[in-house]
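Read the structure below first, then the notes.
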Amino acid sequence: MKFRCERDVLVEALGISGRAVSRGGLPGLSGVRAELAGDQLSLTGSDLDLTITIDVTVAGERDGVAVVPARLASDIVRALEPGAVSISAEADELSISAGRSNFSIRLIAADDFPQIAGLPEESVSLSCNQLAEALRQVIPAASGDDSRPILTGVLLAAEADGLRLVATDSYRLSMRDVAGVSVLAEGQSVLIPSRALNELNRILGQADKVELRLGEREASFEVGSVKLVTRLIEGEFPNYRGLIPDTHPNVLTVSRDELLDALRRVKLLARETTPVRLEMSEEGLELVAVTQDVGTAREQVEGSYVGSPLTVAFNPQYLLEGIEVAKAEQITLSTIDELKPALVRIAGVEEFLYLLMPVRVS
Amino acid sequence: MRLVIADCTVDYSGRLTAHLPRATRLLMVKADGCVAVHADGGAYKPLNWMNAPNVFTEYEDHWTVVSPKGEELLITLHSVLSDSVHDLGLDPGLQKDGVEAHLQELLALEPHHIERGMTLIRREFPTEIGPVDLLCRDPDGNTVAIEIKRRGEIDGVEQLTRYLDFLNRNPDLAPVRGLFVAQEIRPQARTLAGDRSIGTVEVDYDELRGIERPQQRLF
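So, in structure tokens, the structure goes:
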């Protein structure tokens, strides 16, 4: 394999494919598989759960396949002077040359690299912007704790009028409906690892459309020249519908930006496990954080409140993340009492909700 | 246990040679015959030592400790500042810390917290190399060996691997799968366990004790 290409093109391609490369584990998985056919170079990184392939156009001289140590190759190419880079793989060595710099590094045995599963030809086209926005709203609620794998995924479920995305870490739940999008058959749902969707979100800005293919155990997303394949999570997602209360007697309507700014300030005094208290009454909202031996923060936020005066406490980070993804001028916080789940919504919009359990305070 | 504080010089000869120049040190001679030379630092680690069995010979101004392989520790005593002997009696052995022992006790009572449908066969199930914390049966009738730690580190996975090796030699129990259970499992331990087909489960100590956490859950 031999080719020339611009350093920046190669840096970006190695960076994108390298994001799926395994940290530790099988030796073959620490590499990026490079395959050159004519002027098309495909770089693939995989950790068996997630595989990312990117195609770039280079000046090809000799076709071939090589598995290069991902981190080292990326660090070398990134450190080179801007301009053209020559790459050549001979036997078990990769040569990287640019200007007066020459590197020779040992290749990884190509046989050690995993075979990537094939996926159905049939694909569904989705708007990148629409999907990116929906993913941004639900991914933060997915769990990062691998001991409960089901909660590390985002549920994609077919709904009568479109696609529903749901994620929960058991403390909060985020749900977004995307109307008019038909990806799955009626009643079908799949659970996609949030890590893969996070990576997908990084590349969604590169094109207008994303092609989605669903296999029995894998899903693939194709965005421009990048293809991301992820395994699906097997298992039953919690029955989230039963968690969402039908009615909330108390509703606070506030400016999202004002609440967000105030919360960020008050959060400075909410250390570690300290919750932030929301004191709601007809006069509006007051945020309070008290940390023993550190201090107190209070801030009033204008807003309209309908219901009985109520003080409810939340983990400030969870609340912040819910408000951050509710991008609108006005949002509502609906509550029942100080112990039952509260609901963050965009005022007048049904497509999104963020359900959050309060923190018990004395 | 004999404790001697002495101004001494120490020479070791064996696989290599080592010399400790003249200084005041603690010389520890244990009842089992082990001899260790300690400085006033370096935590638990001796500067030099000779494990039992060995031949300990005491002369007026020096000691020699010779191992069966011919390694020799020569301790030259320039002056002895203190020399005392204490009978420590029979050691009761290492007790697991309170949380770990309590975790084991709670999970033995309610093994379904580890995995749905799990039932206990025996707590502290003996193997040739020590007892495995819990031996359970899963709903499919398979035997499951469970090692419980407060913090799940790589050494805990290694320990469970050794137990599984022995347990799987028992035709009445085999096949035995392993589960590594801890309050918190380090990523490296999780990776190693996965590589060895050992399952990992994190458990909430407070929840097991029935203590309500301030941060409530939706489910």
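Line by line, the protein sequences are chains A and B. Following the numbering used here, the numbering of the first sequence begins with -6 at its first residue and continues without gaps. Following the numbering used here, the numbering of the second sequence begins with 3 at its first residue and continues without gaps. We put the CB at the ideal spot given by N, CA and C, even for glycine.
- For the segment 154 to 169 of chain A, the beta-carbon criterion of a distance under 8 Å to any beta-carbon of chain B is satisfied by THR161, SER163, TYR164, ARG165, LEU166.
- Following the DSSP letters along the chain, one finds SER10 (chain A) inside the alpha helix (DSSP H) bounded by residues 0 to 11.
- A residue is called buried once 16 or more other Cβ atoms fall within 10 Å of its Cβ, and ASP254 (chain A), having fewer, is exposed.
- Note that the segment 156 to 167 of chain A touches the segment 116 to 135 of chain A; at least 3 beta-carbon pairs, one per stretch, sit closer than 8 Å.
- Spatial neighbours of LEU349 (chain A) in its own chain (CB-CB distance under 7 Å, excluding positions within 5 residues in sequence) are listed in chain order as ARG165, PHE307, TYR311, LEU312, GLY315, PRO334, ALA335, VAL337.
- In the structure shown, HIS88 (chain B) falls within a coil segment according to DSSP collapsed to helix, strand and coil.
- Neighbours of LEU332 (chain A) across chain B, judged by C-beta separation under 9 Å: GLN218.
- PHE182 (chain B) is outside the set of residues whose beta carbon lies under 7 Å from a beta carbon in chain A.
- Rounded to whole angstroms, the Cβ separation of SER67 (chain A) and SER79 (chain A) is 17 Å, and the two are not in contact under 8 Å.
- Using a CB distance below 9 Å, the part of the segment 165 to 193 of chain B facing chain A consists of ILE187, PRO189, GLN190, ARG192, THR193, ordered along the chain.
- If one requires a minimum length of 3 residues, the beta strand (DSSP E) runs lying completely within the segment 127 to 185 of chain A are 146 to 152, 155 to 161, 165 to 172, in chain order.
- Between SER39 (chain A) and LEU220 (chain B), the C-beta gap is not smaller than 7 Å, which leaves the two residues out of contact.
- Taking the Cβ atoms as the reference, VAL247 (chain A) lies roughly 6 Å from LEU278 (chain A), within the contact range of under 8 Å.
- Per DSSP, the beta-bridge partners of CYS10 (chain B) are B:ALA25, B:LEU79.
- DSSP, reduced to helix, strand and coil, places PRO351 (chain A) outside both helices and strands of the structure shown, so it counts as coil.
- Non-local C-beta neighbours of GLY92 (chain A) in its own chain, meaning closer than 6 Å and more than five positions away in sequence, comprise GLU74, ordered along the chain.
- Contact note: PHE221 (chain B) reaches chain A through SER163, PRO231, LEU236, using a C-beta cutoff of 7 Å and chain order.
- Interface criterion met: the Cβ of ASN308 (chain A) is under 7 Å from a Cβ in chain B.
- The contact set of MET350 (chain A) on chain B, defined by CB atoms closer than 8 Å, consists of GLN217, GLN218, ARG219, LEU220 in chain order.
- Cβ-Cβ distances below 7 Å link LEU137 (chain B) to ILE123, ARG124, PHE127, THR145, ALA147 in the same chain, with the five nearest sequence neighbours on each side left out; the list follows chain order.
- In this structure, DSSP gives SER23 (chain A) a helical state, which the three-state scheme calls helix.
- Unbroken alpha helix (DSSP H) stretches of 4 residues or longer found wholly inside the segment 171 to 215 of chain B: 189 to 197, 207 to 210, given in chain order.
- At a cut-off of 7 Å between beta carbons, ARG12 (chain A) makes no contact with chain B.
- Judged by DSSP secondary structure, PRO62 (chain A) falls within the beta strand (DSSP E) whose first and last residues are 57 to 62.
- THR145 (chain B) carries a strand assignment under DSSP once its states are collapsed to helix, strand and coil.
- DSSP places SER187 (chain A) in the uninterrupted alpha helix (DSSP H) bounded by 187 to 196.
- Non-local C-beta neighbours of GLY201 (chain B) in its own chain, meaning closer than 6 Å and more than five positions away in sequence, comprise LEU181, ordered along the chain.
- Straight across, the Cα-Cα distance linking LYS260 (chain A) with PRO268 (chain A) is about 9 Å.
- From the listed residues A:GLY228, A:SER94, A:SER182, the smallest Cα separation to LEU207 (chain A) is found for A:SER182.
- Here SER67 (chain A) carries a helix assignment [DSSP, helix/strand/coil].
- Between GLY57 (chain A) and GLU204 (chain B), the alpha-carbon positions lie close to 46 Å from each other.
- With at least 16 other beta carbons inside 10 angstroms of its own, THR44 (chain A) counts as buried.
- Its Cα nearest to that of VAL117 (chain A), the residue A:VAL176 stands out among A:VAL176, A:VAL60, A:ALA77, A:ALA153.
- Across the structure, SER15 (chain B) and SER69 (chain B) are spaced so that their CA atoms are roughly 11 Å apart.
- Note: ASP48 (chain A) is bridge-paired with A:SER35 in the DSSP secondary-structure output.
- Distances from the CA of GLU192 (chain A) to each of A:ALA172, A:GLY173, A:ASP201, A:SER213 were compared; the closest alpha carbon is that of A:SER213.
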